[in-house]
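These notes concern the structure reproduced below.
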Amino acid sequence: MYAKFRMFSHVVASKSALAIAIGTAGMSPIVVHSQMVLEEVIVTARKREESLQETPVAISALSGDDLEDLGLRDISNLSEVVPNVDSGDGNGTSGAGSVFIRGIGARNTGVNFDSGVGIYVDGVYVSRPDGAVLDNVDLQSIQVLRGPQGTLFGKNTTGGAILYTTNKPVDIFEGSAEVRVGNYDRLDGKLTVNIPLVGDTLMSRFSLYSTSRDGLMTNDLSGAPGNDSLDGDEFTDVNRHGGQAQLRWIASDDLVFDLNYNYNASDQSARGLDCEVVTGIDGTGWQAALQNSTIVEPATGQSIADWCQANADLGPETIQSDLPGRYESEVQSLALTADWYISDSLSFRSITAYRTTEGGETNDLDGTGIPLLHRTNFDFADAELRATDQFSQEFQFTGTAFDDKLDYIVGFFGFWEETDAGTAVSPSGPFFGSLYDLPPFVTGEDCTTGNCAFYINQTTTLYTENTSYSLYSQADWNFNDDWRLTLGLRYTSEERELQRIFQTPDFSNDVSTGTPPLEIAGIGDIFKGGNFYYFPDGPSSFNPHHGFVPSLTDPLDPGSVDPLYDQTMKIDNDDWTPMVSLQRNFGETGFMEYGTAYITAANGFLSGGVSDTTDVFTGEIYAYKPEKVWNYEIGFKMDAWDRRLRLNTALFYTDYQDRQLTTVTVNPTTGRIAGSTINAEKSTIAGLEIESILLPIPNLQIIANVTFNKGDIDKYEDVRIVTSGALDNPTCVAPATPPGIDVCLVDRSDEDLPRLPEQIYYLALQYNWETSVGLITPLLTWSYRTEVENCFDQSSCESGIYRGDQESLGARLTWTSPEEQWRITAYGTNLTDERYVIGGVPLVDVLETAGKQYNLPRMYGIEAAFTW
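Going letter by letter, the sequence shown gives residues -19 to -1, 1 to 849 in mature numbering (1 follows the signal peptide of the UniProt record, and there is no 0).
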């Protein structure tokens, strides 16, 4: 009776060379020897085993063998083969994960923000992006569902879901080992061992992995005032490792327990920033205008634009950074899954999981060699990593009724999450200089000695508590073999609370290792927590590891505590989200062996939250609205030409209300910039996804995928910060602080949606050449994406710097031994060495400069694997 548990096993048919899905189906041809048929792919995304071609869902499926054959090493590689998936790192300089499906995801990776894409590992929801660049180790399958997902899964998502399923322990001793070497000193390793403990009752499985690569960018501080000890440092390297341990206990024919412990960690450099000066856009560079003449030029002799250009002149593989870029994360997860086969028509599953996540980074955000805009969770006395504790409990009842005419699932999901977001420190300076035009002290000291400096710093500590409860159900009614109706309904209730504590430097104590600094009279409070100061003992007395105190209205008066330094807000959201789908199956007709068509309408909901940034006028934290979506989809799947041709299409239209987007704002109490979540009142996405796979002759496979998208922001009002008087806009208002700026209402309705390519093309050709010494398999892949947008603020979008085409050519040549124990592969990616911008830190409105990050250069190497 052990076979009963296949309905829970999440098996995707293996031994397929490729299982690539476009629109609605996975394509899995069988290529063993010279057979000429497309293999049936079995998926379990709908909580039961069914053929992928009969599933009325936009789904892609890749087996563990497929991941190996295609060289897909981690989650970032999914965008190479799965349509309408962008799984790169995205904007920013940390190594946290960021996945978009059909242009829907999360650009704000803060602890107070959820993504529109849910990631699950063996049914356990991965809530935070730290440690979410998942390496593909000992996997049974990856399944990707596109469109709103709520009536089948614990967490409600508006964009889609990615399901990771690991290989489960079995009752034989087996294992595998793999080594990968390549350019940039690439060295990866994997080891998996399966050990039966008590016959076919108690089994164990263990896996370890490590992946490392040298940096792609080198720091060159020649001529810059930065720390010379950082000269020659590498950025954009990779250094991750992890493993998992599993136990499976088959307690009886009807009851199975799976215990899974998973660990992964990163300790690597930040992604480096190239820099580009942006001109010709009205109102840009308000902070540069404020700081150039008063701070940067007197201290360094050049403007911010000059320092940006100095970085740009070094090219894409060399940067200037005065901060040691660093990213760390550590994730541990423990999950217990119980499967109970109650009867032939009813099964029960329980998933109990606890997950801890830590992460932090040190980022130079300005793309220059001067200490302008930094953010770090290290080095300072009060700096701390962000840490999340997550507990979830899910119950599922799956069954059939009415002589198998009704298939149903009913589930409950409870999710509790607490985060100490650590303390992020955001220093600017110190800028020591002897050319400041500052008034002398009454005691006679002045700044010509070089003992005067501008310095501003702040810490932001966040504490969040998120609670989510949901009930979900979905039922299929099979009228006959040809017609099926699916209905689903979900209720979600979410409570989110955020506490934000803001602190500034302790100028009265340890900012100096000697005599405390003196605030220079007559300058005023330019930014809260920062000003010009006189250091009696000179620049060497500055203590970069100083502590902090609650934000003060007067930096030198310990009694002047800012009433807004500690704020708390709680919100509650709930919603009902239905779905309906009608499916029509077609039998053999002419050259078509099988076909199915479906039409679906699904409602999605993403909870609102509390922003950790503040209102530009009041200085208070605020709530953003829930995101709601209706997705309408028509799909068609077909196997034809003696099952040598598979064609799948999906046409979809997604209507958004209050989509959560990320913009750039300023903290009025500090003058510091920050990413902010804002709702775009109305937006739509329409697309067509086409996938085809053809076996024209023995051993040859051709895969051709095409995707067309059109995203429109129909109504999007934002707040733009500009240099005072730069815009002829009647809505512009000057806030009390910082000086020299206007805050204006702007209409951004005509902009492109981020990370939604207009067109996506994928082509793969694979041939299997059988010889007396083994199987030789060459694979050639080509992908192309047009008009990918990665901007944030209005000026970065208008500049076009973060929008462009992306193209990649790859190849693999694999030898497999006759007994299929050894496999050696030579691989190459981005063979033409195309370089293009894939993200960065878009702060054109603020600095009139653009921090840019590039795709990976040409990569090549050798892989060797042994299986026993």
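For each residue, glycine too, the CB sits at the ideal point set by N, CA and C.
{"Item": "Straight-line gap, Ser(-6) to Glu574 (C-alpha atoms, nearest Å)", "Value": "Confidence at Ser(-6) is low in this model, with a pLDDT of 35, below 50, so its placement is unreliable and no value can be given for it."}
{"Item": "C-alpha gap between Leu178 and Ala232, whole angstroms", "Value": "14 Å"}
{"Item": "C-alpha gap between Phe847 and Leu51, whole angstroms", "Value": "17 Å"}
{"Item": "Any chain D beta carbon closer than 8 Å to Pro517", "Value": "Protein chains in the displayed structure number just one, and chain D is not present."}
{"Item": "Distance CB(Glu601)-CB(Gln564) smaller than 8 Å", "Value": "no"}
{"Item": "First and last residue of the uninterrupted beta strand (DSSP E) at Asp620", "Value": "Glu608 to Ala621"}
{"Item": "For Cys428 and Tyr417, believed in contact at Cβ under 8 Å, the rounded distance", "Value": "5 Å"}
{"Item": "Beta strand (DSSP E) segments (min. 3 residues) lying fully within the segment 688 to 762", "Value": "698 to 704, 722 to 728, 740 to 748 and 750 to 752"}
{"Item": "Expected contact under 8 Å - CB spacing of Arg307 and Ala226 to nearest Å", "Value": "With 8 Å as the limit, Arg307 and Ala226 do not qualify as a contact, their Cβ atoms being about 29 Å apart."}
{"Item": "CB-CB length for Gln439 against Phe483, believed under 8 Å", "Value": "6 Å"}
{"Item": "Length of the line joining the Cα atoms of Ala26 and Ile153", "Value": "28 Å"}
{"Item": "Inter-residue spacing [alpha-carbon to alpha-carbon] between Asp826 and Ala655", "Value": "12 Å"}
{"Item": "Cβ-based burial, Asn490 [other Cβ within 10 Å; buried from 16]", "Value": "exposed"}
{"Item": "Straight-line Cα distance separating Glu672 from Asp693", "Value": "24 Å"}
{"Item": "Contact the segment 824 to 840 vs the segment 764 to 779: 3+ CB pairs below 8 Å", "Value": "yes"}
{"Item": "Under 8 Å between C-beta atoms of Ser328 and Asp320", "Value": "yes"}
{"Item": "Buried or exposed (CB count within 10 angstroms, at least 16 for buried), Val162", "Value": "exposed"}
{"Item": "Exposure of Ala745, with buried meaning 16 or more beta-carbon neighbours within 10 Å", "Value": "buried"}
{"Item": "Close-in-space but distant-in-sequence residues of the same chain around Met560 (CB under 6 Å, 5 per side omitted)", "Value": "Thr132, Gly469 and Ala583"}
{"Item": "C-alpha gap between Leu479 and Gly842, whole angstroms", "Value": "47 Å"}
{"Item": "Inter-residue CB distance, Leu632 and Ile615 (contact presumed, cutoff 8 Å)", "Value": "5 Å"}
{"Item": "At least 3 beta-carbon pairs within less than 8 Å: the segment 698 to 713 vs the segment 673 to 688", "Value": "no"}
{"Item": "Closest Cα partner of Leu271 within the set Trp763, Pro497 and Ile702", "Value": "Ile702"}
{"Item": "Rounded straight-line distance, which links the Cα of Pro37 to that of Arg465", "Value": "10 Å"}
{"Item": "Beta-carbon proximity of Gly156 to Trp849, cut-off 8 Å", "Value": "yes"}
{"Item": "Rounded straight-line distance, which links the Cα of Arg109 to that of Gly91", "Value": "8 Å"}
{"Item": "Trp750 versus Ile659 - alpha carbon distance", "Value": "55 Å"}
{"Item": "Supposed close pair Asp345, Leu202 - CB separation, criterion 8 Å", "Value": "Not confirmed; about 12 Å, so no contact."}
{"Item": "Residues that DSSP places opposite Asn220 in a beta bridge", "Value": "Ser193"}
{"Item": "Residue interval of the beta strand (DSSP E) (run including Gln249)", "Value": "Leu236 to Gln249"}
{"Item": "Residues that Lys149 bridges to, as DSSP identifies them", "Value": "Answer is none; Lys149 lacks a bridge partner."}
{"Item": "Contained beta strand (DSSP E) runs [length at least 3] in the segment 348 to 400, N- to C-terminal order", "Value": "355 to 357 and 367 to 382"}
{"Item": "From Val18, Leu353, Thr182 and Pro411, residue whose alpha carbon lies closest to that of Gln301", "Value": "Leu353"}
{"Item": "Straight-line Cα distance separating Gly140 from Lys609", "Value": "11 Å"}
{"Item": "In chain order, each beta strand (DSSP E) run of at least 3 residues that lies wholly inside the segment 403 to 461", "Value": "409 to 414, 433 to 437 and 440 to 459"}
{"Item": "For Tyr835, the nearest candidate out of Leu828, Thr806 and Glu788 (CA to CA)", "Value": "Glu788"}
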